[in-house]
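Residue 1 is where the sequence shown starts when you use the UniProt record's numbering, and the numbers rise one by one after that.
What follows is a short report on a single structure.
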Amino acid sequence: MVPALALVARRRAPLTVAWTTTAVAVLVWLVEQAAPGTLLRADADHTLRPPVWWPPTAPLAAYAVMAFPRDGARPVWIRALPVVVLLVPVGAIGDVLPVTALRRFSAQETDSVEALVFRSAAAVIGAALIGMYVAARRRVLQALTDRAERAERERHLLAERARAEERARLAAEMHDVVAHRVTLMVLQAGALRVRAPDEPTRAAAEELRGTGCQALEELRDVVGLLRRDTSGAPAEGPGAAPGPLPDLSALIAESAAVGVPVEFAEHGDPPHASPAVGRTAYRVVQEALTNARKHAPGATVHVDVRYGTGGVTLTVRNAARSREPDADLAASGSGMGLAGLRERVELIGGTFAAGPHLDGFRVEASLPAYVPVAGS
Numbered sequence: 001m002v003p004a005l006a007l008v009a010r011r012r013a014p015l016t017v018a019w020t021t022t023a024v025a026v027l028v029w030l031v032e033q034a035a036p037g038t039l040l041r042a043d044a045d046h047t048l049r050p051p052v053w054w055p056p057t058a059p060l061a062a063y064a065v066m067a068f069p070r071d072g073a074r075p076v077w078i079r080a081l082p083v084v085v086l087l088v089p090v091g092a093i094g095d096v097l098p099v100t101a102l103r104r105f106s107a108q109e110t111d112s113v114e115a116l117v118f119r120s121a122a123a124v125i126g127a128a129l130i131g132m133y134v135a136a137r138r139r140v141l142q143a144l145t146d147r148a149e150r151a152e153r154e155r156h157l158l159a160e161r162a163r164a165e166e167r168a169r170l171a172a173e174m175h176d177v178v179a180h181r182v183t184l185m186v187l188q189a190g191a192l193r194v195r196a197p198d199e200p201t202r203a204a205a206e207e208l209r210g211t212g213c214q215a216l217e218e219l220r221d222v223v224g225l226l227r228r229d230t231s232g233a234p235a236e237g238p239g240a241a242p243g244p245l246p247d248l249s250a251l252i253a254e255s256a257a258v259g260v261p262v263e264f265a266e267h268g269d270p271p272h273a274s275p276a277v278g279r280t281a282y283r284v285v286q287e288a289l290t291n292a293r294k295h296a297p298g299a300t301v302h303v304d305v306r307y308g309t310g311g312v313t314l315t316v317r318n319a320a321r322s323r324e325p326d327a328d329l330a331a332s333g334s335g336m337g338l339a340g341l342r343e344r345v346e347l348i349g350g351t352f353a354a355g356p357h358l359d360g361f362r363v364e365a366s367l368p369a370y371v372p373v374a375g376s
């Protein structure tokens with residue numbers, strides 16, 4: 001009964017279970033050596049009661065101690081020690097069996113004391129060997145799994161490193177080439193504004209200069225984002241100061257002016273955010289409204305903006321189109337608008353989702369309020 005109950009803990013404490021089973025077998029052997037017939041008795045027909053003197057749970061205990069080594073387990077020879085000790089009383093079965101039972105075994109043609117000893121030892125040793133095989137197979141599978149996970153992590157790190165190097169190269173190219181050219185354009189527009197002979201030319205030059213300055217600001221933010229450490233830690237260097245998010249009402253009014261019915265709703269108080277976040281929010285709504293105008297003419301568009309202390313969530317969804325879209329208008333553009341938005345949103349640490357919704361289409365973006373950028 002004790003060895004059977006001990007098997008409940010064979011996975012948590014296999015060595016303890018094995019020693020418990022061995023102790024019971026040794027105790028029976030010692031008791032029979034000291035007082036024969038106390039535990040093993042032969043009936044009138046010379047049959048042995050019980051028919052198996054060693055604990056029948058011994059093979060299970062031998063299997064468990066070899067198959068379930070715990071983390072930081074002892075060496076194999078220590079775990080095999082209770083199995084070896086158990087084989088001693090099993091092999092000495094002839095010393096404790098009643099004489100009448102031995103005579104009955106000897107009189108049978110198909111059985112003998114030696115056969116009983118062999119079967120008992122084979123059951124214990126076989127169970128221990130099977131346990132060793134199971135443990136070795138488990139270790140091999142774990143090693144293969146660890147190797148595959150390590151290779152996957154290494155591939156991921158190599159890909160991240162290549163991506164970081166490419167981003168650094170792009171940032172350098174944008175800073176050294178594009179920013180230089182745009183700066184020259186701004187300076188030339190400023191010079192034209194001063195030297196222009198008439199007011200319309202001066203106004204056009206001022207507008208061109210202002211657009212160039214805005215382009216430089218956006219370029220500075222993009223370069224700073226590209227130079228950020230891939231772990232997301234802020235890079236050293238000053239960044240643009242946070243400010244209010246852009247007013248989307250003008251953008252909504254522009255869409256309504258070209259025949260796109262828009263329902264606009266804002267929730268919460270707009271937080272101060274990095275300029276890159278504000279421009280990204282503006283581009284998300286602008287691109288979503290443009291797509292609705294091109295692919296779902298006549299459909300009502302719902303723009304929902306939810307502000308929070310940690311950022312802003314933008315949701316733009318449109319119902320089913322009420323008429324067929326213009327083929328030329330729908331085919332215009334590069335076809336990479338949503339993909340570009342996703343990259344832009346993920347670049348500042350946000351999330352982006354776009355796809356069919358009910359009978360229409362939905363674009364949703366969650367943006368953080370503050371994005372650290374590297375100084376350019």
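C-beta atoms are modelled at their ideal positions from N, C-alpha and C, and glycine is treated no differently.
Computed from a prediction, not measured in an experiment: that's the story for all the values here.
If you draw a straight line from the Cα of residue 290 to the Cα of residue 254, it comes to about 11 Å. The Cβ-Cβ distance between residue 243 and residue 272 falls below 8 Å. For residue 287, the CB contacts under 7 Å within the same chain, skipping 5 residues up- and downstream, are 337 and 341 in chain order. Closest in alpha carbon position to residue 248, among 279, 223 and 344, is 279. Residue 343 and residue 154 have their alpha carbons spaced roughly 24 Å apart.
Per DSSP, reduced to three states, the secondary structure at residue 92 is coil, with no helix or strand assignment.
With respect to the 8 Å criterion, residue 85 and residue 22 are classified as neighbours on the basis of their beta carbons. In this structure, the straight-line span from the alpha carbon of residue 14 to that of residue 363 is close to 57 Å.
Look at residue 366 here: in three-state DSSP terms it is strand. The segment 138-156 and the segment 189-197 do not touch, with fewer than three beta-carbon pairs separated by less than 8 Å.
The three-state secondary structure of residue 259, taken from DSSP, is coil. In its chain, beyond the 5 residues on either side, 61, 65 and 82 have a beta carbon closer than 6 Å to the beta carbon of residue 18. DSSP places residue 303 outside any alpha helix (DSSP H); the residue lies instead in the beta strand (DSSP E), whose first and last residues are 301-308. In the DSSP assignment, residue 314 falls within the unbroken beta strand (DSSP E) covering 311-318. For residue 351, the enclosing beta strand (DSSP E) begins and ends at 351-357. Contact between the segment 162-178 and the segment 210-228 is established, with three or more Cβ pairs separated by less than 8 Å. Between residue 252 and residue 303, the C-beta spacing is below 8 Å.
A residue is called buried once 16 or more other Cβ atoms fall within 10 Å of its Cβ, and residue 296 is buried on that count. Here residue 306 is near residue 268, since their CB atoms are less than 8 Å apart. Residue 268: not part of any alpha helix (DSSP H); DSSP gives it neither H nor E.
Rounded to the nearest whole angstrom, the CA to CA distance from residue 320 to residue 264 is 18 Å. Here the C-alpha atom of residue 218 lies approximately 20 Å from the C-alpha atom of residue 351.
In the structure shown, residue 75 falls within a coil segment according to DSSP collapsed to helix, strand and coil.
Under the three-state reduction of DSSP output, residue 14 falls in the helix class.
When only Cα atoms are considered, residue 183 and residue 324 end up about 44 Å apart. By the CB criterion at 8 Å, residue 80 and residue 58 fall outside the cutoff. The beta carbon of residue 354 lies closer than 6 Å to those of 338 and 363 in the same chain, with the five residues before and after it left out. Under a 10 Å Cβ-count criterion, residue 29 is classified as buried, with 16 or more other Cβ atoms of the shown protein chains found around its own Cβ. With respect to residue 76, residue 121 sits apart: the two C-beta atoms are not nearer than 8 Å. Residue range 179-195 is occupied by the alpha helix (DSSP H) that includes residue 179.
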